[in-house]
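Quick note: the sequence shown, position 136, residue 617 per this note's numbering, numbers continuous. Built from N, CA and C at the ideal position, the CB exists for glycine as well.
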Amino acid sequence: MAYLINQLCNQDSGYWNFEESAPRLGKTRAQKLVTITGNLTVLAAEMDSIELEKWEPEFLAVSDRLRLPSFDLGSGLLRHFPLRQMQVQRVHKIKNEELEARFGHQAAALGAEGACETLLHGSPAAWKIAAEGFDVGRSESDNLFGRGVYLTPDPATANKYAFGKLQPCPQHSDTHCVRCVRLLVVADCLLGRPFLPSLAASTPLPWPCPPGFDSIVADPATNPAVARFLQSPEVVVFRNEQLMPRYVVEYTISVYSRDEFAKIVGQQMRQMQQIPWSHRPAGVFSSAW
C-alpha cells in the first residue's frame, strides 16, 4: 500500500517525516494513495499523529497503563520472567477521521451493548494499524479462538507480540532484547455482547465464537475453564469497526538477570515462610509449602 507523505518538516514547526527512523517531536500526516482506474489516483483517508510531551497527562496515563507491578510470588509474574519493566520512550496520539466515523457508527449500532474497553495490542505493524485500522482478515485461523483481533489488558502479554507472534527482535534475534524499540497500539474496543468461553479438556481447538456474540472475553482469573489455556486475560473481536487505535507507543524493556531474579525469589520465599498458612497469598508457590 502506497502512502503520500506530507513532509511538513522545517526548523520552526518541529514536524517530522512519517518515514524517519528517529522522528523528531511533533506531528506527522499520512494518506493512502488509492488507484480508481489505471491513470487516476486519489487520496484516501488521512491519519495524523501527534507525539505527546512526557509531562502531558495523556503520556503519563499511557505510561502508567504499561507499568508492571513489583514482583512478588503471589502476583503470577513468574510467567513473564525475565521481563522487569516496559519503559515508554514515545507516545503518539492518533487521529484518523475515517476510522473514528466507522467506530462511532458501530458504537451506535451496538447501542446499550456498546461497552468500550481500552486494551493493548503489540505489533510491529502498529503504524499500519494506525493508518488503516485493524484487519481481522490477517489473523490466523489456528489461534485459540480462531480468526479475530486479539487484545489484552495485560502489558506483559502484549509485549510478547511487539516483534510478531512470540518472535525475537530482527536485529539481534533476541526475544528479550533490551536495545531495540518495540511497538504496541492502545485501542478502544467495543465488546458488544461478549461470549465467555467454557473449554473442557475434550474441547476441540480452535474454539470459535458461536453466533449471536460480538466478542470473546477470556479471563483465567475469573473463568477457570480457560485457565488451562491462558495465563492472562484476552479479548477477541471479529469486526474491524469494533476497534479504534488511540495511541502508538514506542518502548523498550528491562529484564532481570538470573542472579537478581533468584535473589528476589529467595528473599520472598523466606518472608512467606514467616506467614501463617491461612494468610498466604494464592499463587505459584502457595501450595508448595
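Other residues of its chain near residue i: CB distance less than 7 angstroms, five sequence neighbours each side excluded
{"i": "residue 608", "result": "729"}
{"i": "residue 731", "result": "570, 571, 662 and 664"}
{"i": "residue 639", "result": "601, 602, 603, 633 and 665"}
DSSP beta-bridge partners of residue i
{"i": "residue 669", "result": "599 and 725"}
{"i": "residue 573", "result": "532 and 729"}
{"i": "residue 566", "result": "735"}
{"i": "residue 772", "result": "Outside the shown range of the chain, which is 482 to 770, sits residue 772, and nothing can be said about it."}
{"i": "residue 645", "result": "643"}
{"i": "residue 675", "result": "696"}
{"i": "residue 632", "result": "716"}
{"i": "residue 619", "result": "According to DSSP, which records beta bridges pairwise, residue 619 is partnered with nothing at all."}
{"i": "residue 664", "result": "731"}
Environment of residue i [buried if 16+ CB atoms lie within 10 Å]
{"i": "residue 594", "result": "exposed"}
{"i": "residue 623", "result": "exposed"}
{"i": "residue 695", "result": "buried"}
{"i": "residue 643", "result": "buried"}
{"i": "residue 705", "result": "exposed"}
{"i": "residue 691", "result": "exposed"}
{"i": "residue 536", "result": "exposed"}
{"i": "residue 583", "result": "buried"}
{"i": "residue 659", "result": "exposed"}
{"i": "residue 587", "result": "buried"}
{"i": "residue 702", "result": "exposed"}
{"i": "residue 538", "result": "exposed"}
C-alpha distance - residue i paired with residue j, whole-angstrom precision
{"i": "residue 634", "j": "residue 548", "result": "12 angstroms"}
{"i": "residue 524", "j": "residue 577", "result": "Its pLDDT being 42, under 50, residue 524 is placed unreliably by the model, and the measurement read from it follows with that caveat. If I take the Cα positions, the gap works out to 14 angstroms."}
{"i": "residue 581", "j": "residue 565", "result": "35 angstroms"}
{"i": "residue 504", "j": "residue 646", "result": "Confidence is the limiting factor: at residue 504 the pLDDT is only 47, short of 50, which leaves the residue's position unreliable and the question unanswerable from this model."}
{"i": "residue 735", "j": "residue 568", "result": "7 angstroms"}
{"i": "residue 629", "j": "residue 720", "result": "8 angstroms"}
{"i": "residue 590", "j": "residue 573", "result": "29 angstroms"}
{"i": "residue 619", "j": "residue 740", "result": "41 angstroms"}
{"i": "residue 715", "j": "residue 626", "result": "10 angstroms"}
{"i": "residue 710", "j": "residue 717", "result": "15 angstroms"}
{"i": "residue 649", "j": "residue 674", "result": "35 angstroms"}
{"i": "residue 440", "j": "residue 743", "result": "It is not possible to answer for residue 440, since the shown part of the chain is limited to 482 through 770."}
{"i": "residue 488", "j": "residue 723", "result": "Reliability of the predicted coordinates at residue 488 is poor, the pLDDT of 33 falling under 50, and the value obtained from them is presented with this limitation in mind. Cα to Cα, the separation comes out at about 31 angstroms."}
{"i": "residue 655", "j": "residue 592", "result": "45 angstroms"}
{"i": "residue 641", "j": "residue 585", "result": "30 angstroms"}
{"i": "residue 687", "j": "residue 545", "result": "34 angstroms"}
{"i": "residue 543", "j": "residue 636", "result": "11 angstroms"}
Contact set for residue i: own chain, Cβ-Cβ below 8 angstroms, skip 5 residues either direction
{"i": "residue 575", "result": "528, 529, 530, 611, 726, 727, 728 and 729"}
Own chain partners of residue i with C-beta closer than 6 angstroms, once the 5 adjacent residues on each side are dropped
{"i": "residue 676", "result": "690, 694 and 697"}
{"i": "residue 596", "result": "672"}
{"i": "residue 614", "result": "580 and 721"}
Mind the definition here: the segment 598-605 touches the segment 657-671 only if three or more C-beta pairs lie below 8 angstroms; say whether that holds.
yes
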